[in-house]
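Peer 1: So that we are looking at the same thing, I have put the structure below in C-alpha cells.
In full-length UniProt numbering, the protein residues as written are 1 to 540.
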C-alpha cells in the first residue's frame with residue numbers, strides 16, 4: 001500500500017494491508033486497514049529448537065524445569081535437560097490473618113535467588129514463573145511479590161485455581177501415552193487441590209479446591225501427631241470441600257485416574273513398597289492410615305518409599321486423597337509425571353508458535369458475549385496502530401501491546417449485562433471471569449484498561465502503575481471515542497504525547513460534521529487534567 005494523500009489519517013478498511021506512518025516522534029499519524037486478524041500482536045519465534053524454563057512456586061515446594069524444544073515431524077516435543085526443587089513450605093508461614101510471615105518470605109526469596117542464578121542467561125520470553133494458592137490467598141502478596149520477582153529476575157504470575165488446573169492437565173496429558181478414554185487427574189498441592197477430567201489434550205471439567213497437604217497437616221496434625229480422631233476430622237473436612245463438585249464429576253465419568261502431585265507419588269511408592277496395594281487404592285490407604293495411627297506419627301523408617309521431606313505433610317495429603325476416593329468413587333489411581341511445570345512449558349510453546357491459549361480464550365469470550373466483531377476490529381486496529389507509534393521500544397511494550405489488543409476485542413462484553421456504564425461491567429468481567437491462559441495480573445491490567453476506556457479517568461488513576469499504562473489507556477480511549485459511530489471511515493487526526501502533554505491534531509471541518517465527537521473531545525481536556533496531563537485539541 002502506498003502512502004498517497006492519506007497520510008495523517010486513520011483509515012479503517014477491509015483489506016489486509018500494513019500500516020504506514022508519517023514520522024516517529026512519539027506521535028501517531030497512521031493509515032490502517034486490515035481484516036480481523038488475531039495474530040497481529042504476537043511475535044513468533046524464529047527457531048523452535050531452543051530452551052524454555054518453567055518456575056512453579058507451589059505452597060509446599062518451588063520447582064524449576066528447563067526443557068529443550070525440538071520439532072519432530074512438525075510436532076513440538078520437550079526434552080527436560082535440568083530441574084531444581086526446594087521444599088519451602090510456604091503455606092506453613094500463612095497466619096490466621098492470611099498474612100505470610102517474614103521467615104517464610106525469606107525462605108522463598110532465598111530459593112528464588114538460586115533459581116535466578118540458573119536462569120541468568122535466559123531471555124525473558126523463554127521463562128514463565130507461576131505462583132499458586134499461597135500467593136493467591138496471602139493478603140500481603142502485593143507487598144512481597146516485587147522482592148520475589150527481583151530475586152528471580154523474571155516476572156511472577158499469580159494464577160487462578162482453574163488456570164492452575166488447566167496447566168496441570170496439559171502437563172500430565174503430554175506425559176502420558178495417547179488414549180481415547182476420559183482421564184481424571186488429581187493434583188494435591190500444599191494449599192489447594194486441583195481436580196480435572198479431560199480427553200486427549202483438552203480438559204473438560206476443572207476445579208480447584210481450597211485444601212492441601214501442608215494446610216491440612218498443619219490444621220489437623222500439629223507437631224506431626226496423628227490419631228484416629230484427627231484423621232477422621234481431616235477426612236470429613238475434605239469431603240465437605242469435595243461434595244460440592246462430586247455429582248458433576250461422577251456424571252461426566254472417566255476411565256483412567258492419575259495423581260500428579262508429590263502426595264500421589266509418595267502414596268504410590270509407600271503402598272507398593274509396603275505391599276499394601278499395587279497402585280493407589282482405598283484399601284491400601286486404609287492400611288497405611290492404620291499403621292500411621294498406631295505409630296502416632298509418620299515414621300519414615302517404617303514406611304519404605306517415603307522421602308524425609310514428605311513425612312511432615314503426608315497425613316494431610318493422605319486424608320485428602322482418601323476423601324477424594326470416597327466422594328468421587330475412585331477405584332484405582334496411578335501416577336503421572338509432568339503436571340504444572342510441563343504444562344507451563346507447553347503453554348510457552350503455544351505462545352511462541354502462535355497458538356496462544358489466551359487468544360483462544362478471547363475468541364470464546366467474544367462469542368459468549370456476542371461482541372460486535374467489526375467494531376472490535378476497528379477499535380483494535382486503531383488502538384494498536386496508535387500504540388505502536390507512541391510507545392517506546394523495550395520494557396513493558398510487548399505486554400502492554402497484547403493487553404491493548406485483547407482489551408479492544410473485549411471492551412464491549414459489558415453490553416451483554418447493561419448498556420448503561422457498560423465499560424464498568426466489562427472491567428468486572430475481565431477481572432473476575434475464568435479466562436484460561438491469563439494470569440491474575442493479565443486480567444487486572446485488562447480490567448483497568450476497560451475501566452479507563454470511557455468515562456471518568458480518575459476512577460482508574462489509583463490502578464495505573466506506569467507511564468506505559470497511561471499511553472495504553474490513551475490509545476484505547478481515543479480509539480473508542482473516535483469510533484463511536486461504528487463506521488469504516490477515515491479518521492483524520494494525529495495524536496502526540498510528550499511528557500505530560502497530549503496533543504490531538506484534527507481538522508475543524510471534520511469536527512463540525514461530527515459534533516458529538518467534538519463535544520466528547522472537549523470533555524477530555526478536564527478528564528486528563530484531573531490525572532495530571534495537559535490535553536490540547538489542535539484544530540487545523
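Even glycine gets a Cβ: it sits at the ideal position worked out from N, Cα and C.
Hey, quick one: how far does the beta strand (DSSP E) through residue 199 stretch, first residue to last?
Peer 2: 193-199
Peer 1: How many Å lie between residue 394 and residue 155 at the Cα?
Peer 2: 15 Å
Peer 1: Does DSSP classify residue 287 as helix, strand or coil?
Peer 2: helix
Peer 1: Among the residues of its own chain, which have a CB less than 7 Å from the CB of residue 497, if the five just before and after it don't count?
Peer 2: 26, 390, 471, 474
Peer 1: Starting from residue 489, trace the alpha helix (DSSP H) both ways and give me its first and last residue.
Peer 2: According to the DSSP assignment, residue 489 belongs to no alpha helix (DSSP H), since it is labelled neither H nor E.
Peer 1: If I follow the unbroken beta strand (DSSP E) through residue 416, where does it start and stop?
Peer 2: It is not in any beta strand (DSSP E) - residue 416 carries neither H nor E in the DSSP assignment.
Peer 1: Per DSSP, which one or two residues make a beta bridge with residue 535?
Peer 2: 502
Peer 1: On the DSSP letters alone, give me the boundaries of the beta strand (DSSP E) that residue 85 sits inside.
Peer 2: Looking at the DSSP string, the run of the beta strand (DSSP E) that includes residue 85 is 75-87.
Peer 1: Please report the straight-line C-alpha distance between residue 280 and residue 86, rounded to a whole angstrom.
Peer 2: For residue 280 and residue 86, the distance between alpha carbons rounds to 26 Å.
Peer 1: Per DSSP, what kind of secondary structure is residue 335 in: helix, strand or coil?
Peer 2: strand
Peer 1: Could you tell me the boundaries of the alpha helix (DSSP H) in which residue 216 lies?
Peer 2: 213-220
Peer 1: First and last residue of the beta strand (DSSP E) that includes residue 157?
Peer 2: 156-158
Peer 1: Are the Cβ atoms of residue 257 and residue 209 separated by less than 7 Å?
Peer 2: no
Peer 1: How far does the alpha helix (DSSP H) with residue 124 in it reach, from first residue to last?
Peer 2: No alpha helix (DSSP H) holds residue 124; DSSP gives it neither H nor E.
Peer 1: Can you tell me whether residue 71 is buried or exposed, with buried defined as 16 or more other CB within 10 angstroms of its CB?
Peer 2: So residue 71 counts as exposed.
Peer 1: Give the straight-line distance between the Cα atoms of residue 527 and residue 458, rounded to the nearest whole angstrom.
Peer 2: So the two alpha carbons sit approximately 8 Å from each other.
Peer 1: Would the beta-carbon of residue 423 fall within 7 Å of that of residue 450?
Peer 2: yes
Peer 1: Tell me whether residue 241 sits in a helix, a strand or coil according to DSSP, three-state version.
Peer 2: In this structure, residue 241 counts as helix in the three-state DSSP scheme.
Peer 1: If you measure between the beta carbons of residue 504 and residue 516, is that distance less than 7 Å?
Peer 2: no
Peer 1: Of the choices 63, 61, 90, 137, whose alpha-carbon is the least far from that of residue 97?
Peer 2: 137
Peer 1: What are the residues that DSSP puts in a beta bridge with residue 50?
Peer 2: Per DSSP, 69.
Peer 1: How long is the line joining the alpha carbons of residue 479 and residue 412, rounded to whole angstroms?
Peer 2: When rounded, the separation of the alpha-carbon atoms in residue 479 and residue 412 is 13 Å.
Peer 1: Which word fits residue 181, buried or exposed, when buried means at least 16 other C-beta atoms lie within 10 angstroms of its C-beta?
Peer 2: exposed
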